[in-house]
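Trainee:
Residue numbers (UniProt numbering): 1 to 877.
1) Just to confirm, are residue 214 and residue 255 a CB contact at a threshold of 8 Å?
2) So which of 680, 111 and 166 has the shortest CA-CA distance to residue 741?
3) Are the region 817-829 and the region 759-768 touching by the rule of at least three beta carbon pairs closer than 8 Å?
4) The ligand PLP and residue 235: does the residue's C-beta get closer than 7 Å to at least one heavy atom of that ligand?
5) By the DSSP assignment, the beta strand (DSSP E) with residue 520 in it spans what residues?
6) For residue 440, which of helix, strand or coil comes out of DSSP?
7) Take residue 805 and list the residues in its own chain whose beta-carbon comes closer than 6 Å to its own, dropping the five residues that flank it on each side.
8) What does a CB cutoff of less than 6 Å around residue 161 pick up in its chain, not counting 5 residues either side in sequence?
9) How would you label residue 253, buried or exposed, when you count the other beta carbons within 10 angstroms and need 16 or more for buried?
10) Quick check on the DSSP output: the beta strand (DSSP E) that includes residue 676 runs from which residue to which?
11) DSSP three-state call for residue 508: helix, strand or coil?
12) Closest to residue 609 by C-alpha separation, out of 531, 307 and 130, would be which residue?
13) Okay, do the region 659-673 and the region 706-724 touch, 3+ Cβ pairs below 8 Å being the bar?
14) Enumerate in chain order the residues of its own chain whose CB-to-CB distance from residue 272 is below 8 Å, with the five nearest sequence positions on each side excluded.
15) Does the contact criterion of 3 or more C-beta pairs under 8 Å hold for the region 150-161 versus the region 169-183?
16) For residue 229, which of helix, strand or coil comes out of DSSP?
17) When burial is assigned at 16 or more other CB atoms within 10 Å of the CB, is residue 209 buried or exposed?
18) Distance check for residue 521 and residue 496, CA to CA, integer angstroms please.
19) In this structure, how does DSSP classify residue 224 when only helix, strand and coil are distinguished?
20) What's the gap between the Cα of residue 483 and the Cα of residue 490?
21) Tell me whether residue 502 sits in a helix, a strand or coil according to DSSP, three-state version.
22) Sort 485, 625, 588 and 141 by Cα distance to residue 657 and report the nearest one.
23) From the DSSP secondary-structure annotation, give me the bridge partner or partners of residue 29.
24) Using CA coordinates, which residue listed in 32, 169, 498 and 365 is at the minimum distance from residue 131?
25) In this structure, what does DSSP give as the bridge partners for residue 715?
26) At a Cβ threshold of 8 Å, is residue 703 touching chain C?
27) For residue 876, which three-state DSSP category applies?
28) Closest to residue 80 by CA distance: which of 52, 40 and 119 is it?
29) Tell me which residues share the same chain as residue 93 and place their Cβ nearer than 7 Å to its Cβ, disregarding the 5 neighbours each side in the sequence.
30) Please name the residue, chosen from 257, 249 and 207, that lies closest to residue 238 on a Cα-to-Cα basis.
31) Give a yes or no on whether the C-beta atoms belonging to residue 683 and residue 694 are separated by under 8 Å.
32) Identify every residue that forms a DSSP beta bridge with residue 760.
33) Assuming residue 111 contacts residue 152 under a Cβ cut-off of 8 Å, what Cβ separation, rounded to an integer in Å, is found between them?
34) In the DSSP output, what is residue 812 paired with across the bridge?
35) So for residue 927, helix, strand or coil by DSSP?
36) Would you call the CB atoms of residue 323 and residue 278 closer than 8 Å?
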């Protein structure tokens, strides 16, 4: 109990962290001395968990192990509550557990612990009488949990439930209860969240009026510093939101004054002070964004004020890695320092990425972390381009592109060279990477909270602790390798010189930087010492508009699921799209889209790189897209009209890559080729549209490969089960999947292929040991369309197969026609096996181009024809 009291002391006076450290120290000391059946043991455990949660919330939220330990302690305490619960311990422990889950969820942007926390808090409330002194804390926590879930899931029912819960609670309190002000502040914050979704400015006006009323009332009351901070911080946020709508100087001045008051009532180093200072920076940046750049005097003054605010934040000693990264990039962009120092700051900011989305987190959590930082991470790239530092721009691009997939590839780095220097270290790295990959890829255990069994408690604690310890062990092992002479650059981001040295000779690599500031392509060409900058003739708003339009155009099920039939009849195709409820379809929509991409993006790139119209002698070109450009079919860009045809297919053979490093690794990888092809057909997966042509497709491919001396393993119908595929995949160098593919946006590792007994998840494929992985042909629907919230991560099935180890992947940007799929596949493998024993997967890009060109001749370049042949896409080397 003494430890709990010290934790409470710290909450009352956060300027004295010694109270908190004393609480944790006392509780750690006393817990081992309790007998296992002591009723005081769960009390001490939940008190320690509470103290660790407070430490995480108010002192050091970079210590993820603190909150993991806190949740573990609460889980164990729940399992130890005696029956009957004479001391009424369960609601207290459930509340503490819910509080810890909220903190973990907010830090990791993970919905799973939040959902568990909500259920625990709801149960805690049900067990707590309204007369209990702890009822107020528990109802506020429950409301905050619903509010937090609204921020993640955007379901208005959650935020309305939070508001209703708080408003109902106020009616149960005495009018002079000092907690009413806190409840009203919670309601203000919740209504602010609701405004963000509804954009109803009337709600904002009412909220501002009520907030000012609360501040006036507080002047006659004895308010704590933390409550004063909350009142003024919330007022500032409300006024800032209105300023973003009105752009009036009055709203700006009032918001700035409120934030400055919030700063004045906090202490140095406290996270509230840092948050208020960051709010001031954001307010100044808002004003700067709406300033006319031609008004140089005003713009210069406001620029200086924004910079002053950013430097004030920097001096506050913030320890949150996300905020540090964002603000360091902003300072680098705004800063008064030299160009060299500013660019170095950008590089150092991105060095913080492992703290934000590192190997101590499940992969799906890393993706969620990056979703909220997607545009911010490109600030350094933009700065480098603006300052004509193209080499650095490329290095920064490599850091922000496909961050999570690169971490997976790091775990698969060969250790043969290390073994020649330190055999024990090489063995240790192999063990760590194997175990770390296993825990990183594990799926979430579900969102429901249940009273855990002892077995469940130990397993969950073991998994979380093991993951954390493995990540730390991995970091130590990497540092040991870098201490070996000649290995100083082991797993470090590549320099521009390493990238240029490793480029393939077959053609250029084209990277894109897409932002509100400017849109550019940067080309890397083998044996050319400097990157080539190519400004695009299309801005961000146009690219975003085209991305939305094409996704809307294809939103009909008739072009989203394999088996939609033959779209050769253009009128039928357009009618089907209109009938499916998509946007009004014009017969020339796709042709017009491809013409715009050609004129404004692709043709300027080809001209800058001196590509000639020469269909008989085409070079390769690798596209590394970013932002909304990742959803547009650059590979098919061109003019398709009755009077003129001029398209990329007559200049180059296109492939897409996640980043340059991945291409270099695939091109130079030494692997033993395998002529074994695993063919999977699932024509009638349960509850999905039948695709009978897949049987014909697989049979035709198998015959083609066998006639060339290759070996084909066929699994179809009832034989195409998850276990059968997993047992065969590692022994075959290539795989052909003719089935339904499902993209699980938000949880990419749960994307997969529908087989007889369920979905073969991408996570299970990545876990397989595939030393000969060469080619994956995904003859399934939408296998190369990613998540628009993290476009730079390429979280689709095709990219996932590259991450699993395949050298080349054939995917589809939207679903292919069941009428044409078998013929395309047969033409593809016919080219791979032509004049060869078995098949040569290194020719897969050329083979796909050959098959698509034949399909194009059959269906033409009408709207329906374009819908039929454009979706085929090649990824990798």
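The beta-carbon is built from N, C-alpha and C at its ideal position, and this holds for glycine as well.
Being a predicted model, the structure only gives us computed values, none of them experimental.
Mentor: Considering the structure as presented:
1) Not closer than 8 Å, so no.
2) The shortest Cα separation from residue 741 among 680, 111 and 166 belongs to 680.
3) Not touching, per the Cβ criterion.
4) This structure simply doesn't include the ligand PLP, nor any ligand for that matter.
5) Looking at the DSSP string, the run of the beta strand (DSSP E) that includes residue 520 is 519-524.
6) Three-state result, residue 440: helix.
7) Contacts found: 770 and 773.
8) The residues are 146.
9) Its Cβ having fewer than 16 others within 10 Å, residue 253 is exposed.
10) DSSP places residue 676 inside the beta strand (DSSP E), whose first and last residues are 676-681.
11) Of the three classes helix, strand and coil, the one that applies to residue 508 here is coil, per DSSP.
12) Among 531, 307 and 130, the Cα nearest to that of residue 609 belongs to 531.
13) These segments do not touch.
14) Beyond the five residues adjoining it in sequence on each side, residue 272 comes within less than 8 Å, by CB distance, of 226, 229, 233, 262 and 266 in the same chain, given in chain order.
15) Judged by Cβ distances under 8 Å, the region 150-161 makes no contact with the region 169-183, as fewer than three pairs qualify.
16) Residue 229: helix per DSSP, three-state reduction.
17) Residue 209 counts as exposed, since fewer than 16 other beta carbons sit within 10 angstroms of its beta carbon.
18) Cα atoms of residue 496 and residue 521: separation of roughly 16 Å, rounded to the nearest angstrom.
19) Coil.
20) Pairing residue 483 with residue 490, the inter-Cα distance amounts to about 10 Å.
21) Here DSSP, grouped into helix, strand and coil, assigns residue 502 to helix.
22) Per the C-alpha coordinates, the member of 485, 625, 588 and 141 positioned closest to residue 657 is 625.
23) DSSP output for residue 29 lists no bridge partner at all.
24) Comparing Cα positions, the closest option is 169.
25) In the DSSP output, where bridge partners are listed per residue, residue 715 has 680.
26) The question asks about chain C, but that chain is absent: this structure has only one protein chain.
27) In the structure shown, residue 876 sits in a strand (DSSP, three-state: E or B).
28) The shortest Cα separation from residue 80 among 52, 40 and 119 belongs to 40.
29) Once the five neighbours on either side are set aside, the close Cβ partners of residue 93 are 42, 46, 74, 77, 78 and 81.
30) The shortest Cα separation from residue 238 among 257, 249 and 207 belongs to 207.
31) Yes.
32) 753.
33) Between residue 111 and residue 152, the beta carbon gap of about 5 Å places them in contact (Cβ cut-off 8 Å).
34) Looking at the DSSP assignment, residue 812 forms a beta bridge with 872.
35) The first residue shown for the chain is 1 and the last is 877, placing residue 927 beyond what the model contains.
36) The answer is yes: Cβ separation under 8 Å.
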